[in-house]
Amino acid sequence: MDDLLAEGLSLMVFGMGFVVVFLTLLVIATSLMSRLVMRFEPAPVPVTAAKKGSAPAAPSGQPDDQVLIAVMTAALKKFRADRNDQ
Amino acid sequence: MEKLLSIWYASGAYNLSPGQVVMIFVGVLLLYLAINKKFEPLLLVPIGFGGILANIPQAGIAYSAVENAFYHGGPELLADLALLLGSSTADMGELKHLYAEAIPSIKAAATLLAQDAGFNNGMLYNFYSIAVKSGAAPLLIFMGVGAMTDFGPLLANPRTLFLGAAAQFGIFATVIGAVALTSMGVMNFSIQEAAAIGIIGGADGPTAIWVSTMLAPHLLGAIAVSAYAYMALVPMVQPPIMRLLTTKRERKIVMSQLRHVSKREKILFPVVLLFLVALLLPDAAPLLGMFCFGNLMRECGVVDRLSDTAQNALINIVTIFLGLSVGSVLIADKFLDLQTLGIMILGIVAFAVGTAAGVIMAKIMNWMMGGNAINPLIGSAGVSAVPMAARVSNKLGLEANPQNFLLMHAMGPNVAGVIGSAVAAGVMIKFVG
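Sequence lines, in order, name chains X and F. One rule links them: number in my numbering = place in the first sequence (from 1) + 557. One rule links them: number in my numbering = place in the second sequence (from 1) + 9.
The following block contains the structure:
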């Protein structure tokens, strides 16, 4: 019976100890990783974001809008015409 | 007349045993809790219904081919089975015991013998062997949970991982509780059983099921049911403990806004975690490996279809099979036991201790850093139970200060708790498995 209790106690001490050690290492590794990423991040990202954001948006946006407006105007006309018929 | 009698002898009403009546009642109770009280309905509905199905007399839905042969086979078949198991007894209990103890090759032979005689595995038994016994279902659920988890709040404030670690104290304290009860002669738990019961304190259903299939499969039903029932009780169990351990001033602490976390950090985090697991604790690799895989699918942004399936369709399918399988072990002779009562009591103790440890750890961290950086209310979210525990922290924070939103801050320790309980599970399996 006492063996079991001793086994339980050692499981608690080692188990809890291991969980704390593991998560402490994870805190260190995560902080390190974040710091590394942030050191290399700021330079390239805004440039690529700006390129990707501005270049394709301008040409593709306007014709789509014009088509959309045309379609919507036509639909609205049809809707009004239908309602007047009734 | 003879035909009428034979119908009566084959009917459920004639064969219903008192144990089965009680277990069907337990199944109905679980359904009531799920439907009326909204206790973890996604799991308790399948579990409760599976429990009812498993206890329908004569149907043998939850029994293996051999068990069905034991109950319904003729005397000759029973004699053959007894011979195979190296005994000449005709006593059912003795035979079942011999079969349970038999080595796999004998079990396989007995299964073939039973199948030759026309007996087959019940449907729920098949679900159980494929989904739970193999370990597949809890791991797939963990993948889905990984795909649903946003590590942003944790990455913004990695120190909250300590809160997730502290809350795992509930797991280990419960192991001591179970062992102490055994020492005092009140209960009778082996160290493996004690470890499996302790995991309930991790407040993480799939982890609890995974550990108990590895360490104490015969306790699976009781452990899974109490784990999910107590997860549903988080909003009731935690607040009194949290109020008791914190002052009003502490509850009012406003935490500074979390920094922005870049996409690259989120992609790298599961990889870092997986490396640590591989280096330090391979026993936790199945659980945390699937978790990291799910999370990487979510964050990498190039496999949205897979991530979407993992966190919706797949996890729902697996939940149905897992629930029914867990229900299938709610059989009278396995569940109606003093041990089940002990598990229920120890489970809630595990929960309470974990909550208290998280809150106390938050206070210790404040004290060590000499400031008021952390609202101790988020410590309780270190028991996983995502996202209920974090919502409870948020609710108590708002009670103390209507402008204080702690939800995002509490999500950090909350997901840390998932990692912490998976690590604790790996440690248990390494030490006592």
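Don't be surprised by glycine CBs; every beta carbon is placed ideally from N, CA and C.
Asked: List in chain order: all unbroken alpha helix (DSSP H) runs of 4+ residues lying wholly within the region 47-129 of chain F.; Found: 50-63, 74-81, 84-93, 101-110 and 113-125
Asked: If we ignore side chains and look at the alpha-carbon of each, how far apart do A88 of chain F and I61 of chain F end up?; Found: 31 Å
Asked: List, in chain order, every chain X residue whose beta-carbon is nearer than 7 Å to that of A174 of chain F.; Found: V576, V577 and L580
Asked: Would you call the region 185-204 of chain F in contact with the region 170-177 of chain F, where contact means no fewer than 3 C-beta pairs closer than 8 Å?; Found: no
Asked: Could you give the distance in angstroms between the alpha-carbon of V441 of chain F and the alpha-carbon of F575 of chain X?; Found: 14 Å
Asked: Rounded to whole angstroms, what is the Cα-Cα separation between A632 of chain X and L323 of chain F?; Found: 41 Å
Asked: Whose Cβ in chain F lies nearer than 9 Å to the Cβ of A631 of chain X?; Found: Here the premise fails: no neighbours, minimum Cβ distance about 35 Å.
Asked: If you measure beta-carbon to beta-carbon, which residues of the region 411-441 of chain F are closer than 8 Å to chain X?; Found: A425, I428, G429, V432, A433, V436, M437, F440 and V441
Asked: Output needed for R268 of chain F: all residues of its chain with C-beta closer than 7 Å, excluding positions within five of it in sequence on either side, in chain order.; Found: A165
Asked: Run through DSSP, which three-state label would S15 of chain F get?; Found: helix
Asked: With DSSP as the reference, label L224 of chain F as helix, strand or coil.; Found: helix
Asked: Report the neighbours of I200 of chain F on chain X: residues whose CB is nearer than 8 Å to its CB, in chain order.; Found: L561, E564, G565 and L568
Asked: Name the residue from F:L86, F:S143 and F:G207 whose alpha carbon lies nearest to the alpha carbon of L121 of chain F.; Found: F:L86
Asked: Determine the closest residue to R273 of chain F out of X:S567, X:V594, X:V584 and X:L568, with distance taken between C-alpha atoms.; Found: X:V594
Asked: According to DSSP, is V576 of chain X helix, strand or coil?; Found: helix
Asked: Using beta-carbon positions only, say whether P249 of chain F and V401 of chain F come within less than 8 Å of one another.; Found: no
Asked: Using CA coordinates, which residue listed in F:G421, F:I387 and F:L285 is at the minimum distance from L407 of chain F?; Found: F:I387
Asked: Can you give me the start and stop residues for the alpha helix (DSSP H) that E308 of chain F sits inside?; Found: A294 to C309
Asked: For T605 of chain X, which residues from the same chain have a beta carbon less than 6 Å from its beta carbon, with the 5 sequence-adjacent residues on both sides left out?; Found: Unreliable placement is indicated for T605 of chain X, whose pLDDT of 46 sits below 50; the coordinate value is still reported in the next sentence. The answer is none, since no qualifying residue turns up.
Asked: When you compare the CB of V188 of chain F with every CB in chain C, is at least one pair closer than 8 Å?; Found: Considering every chain present, this structure includes no chain C. Its protein chains are X and F.
Asked: Quick one: which residues of the region 151-170 of chain F get their C-beta closer than 7 Å to a C-beta of chain X? List them in chain order.; Found: L164, P167, R168 and L170
Asked: Who are the neighbours of L305 of chain F on chain X, taking C-beta pairs under 7 Å?; Found: Going along chain X, no residue has its Cβ under 7 Å from L305 of chain F, so there is no contact; the nearest lies around 14 Å.
Asked: When we look at the beta-carbon of L260 of chain F and count the other beta-carbons within 10 Å, is it buried (16 or more) or exposed?; Found: Residue 260 of chain F is actually Arg in this sequence, not Leu. By the neighbour-count rule (16 or more Cβ atoms within 10 Å), R260 of chain F is buried.
Asked: Listed from N- to C-terminal order along the chain, which residues in the region 260-285 of chain F have their beta-carbon within a distance smaller than 7 Å of any beta-carbon of chain X?; Found: S271, R273, E274, L277, F278, V281, L282 and L285
Asked: When we look at the beta-carbon of Q266 of chain F and count the other beta-carbons within 10 Å, is it buried (16 or more) or exposed?; Found: exposed
Asked: In angstroms with no decimal places, state the Cα-to-Cα distance between F136 of chain F and M299 of chain F.; Found: 21 Å
Asked: When you compare the region 357-374 of chain F with the region 219-229 of chain F, are there three or more beta-carbon pairs, one atom per stretch, that lie closer than 8 Å?; Found: no
Asked: Whose Cβ in chain X lies nearer than 7 Å to the Cβ of A203 of chain F?; Found: G565
Asked: At least one CB of chain X closer than 8 Å to the CB of F300 of chain F: is that the case?; Found: no
Asked: For L149 of chain F and chain X, any beta-carbon pair shorter than 8 Å?; Found: no
Asked: Roughly how far, in whole angstroms, is the beta-carbon of S430 of chain F from the beta-carbon of M251 of chain F, given that I think they are within contact range, below 8 Å?; Found: Not really, about 19 Å apart at Cβ, beyond 8 Å.
Asked: Which term fits P411 of chain F, buried or exposed, when burial requires 16 or more other beta carbons within 10 angstroms of its beta carbon?; Found: exposed
Asked: With 16 as the cutoff for other CB atoms within 10 Å, does E308 of chain F come out buried or exposed?; Found: buried
Asked: So is F636 of chain X in contact with chain F if we call contact Cβ pairs under 8 Å?; Found: no
Asked: Examine chain X for any beta-carbon lying closer than 8 Å to the beta-carbon of V311 of chain F, and answer yes or no.; Found: no
Asked: So, are the CB atoms of L52 of chain F and G230 of chain F less than 8 Å apart?; Found: no
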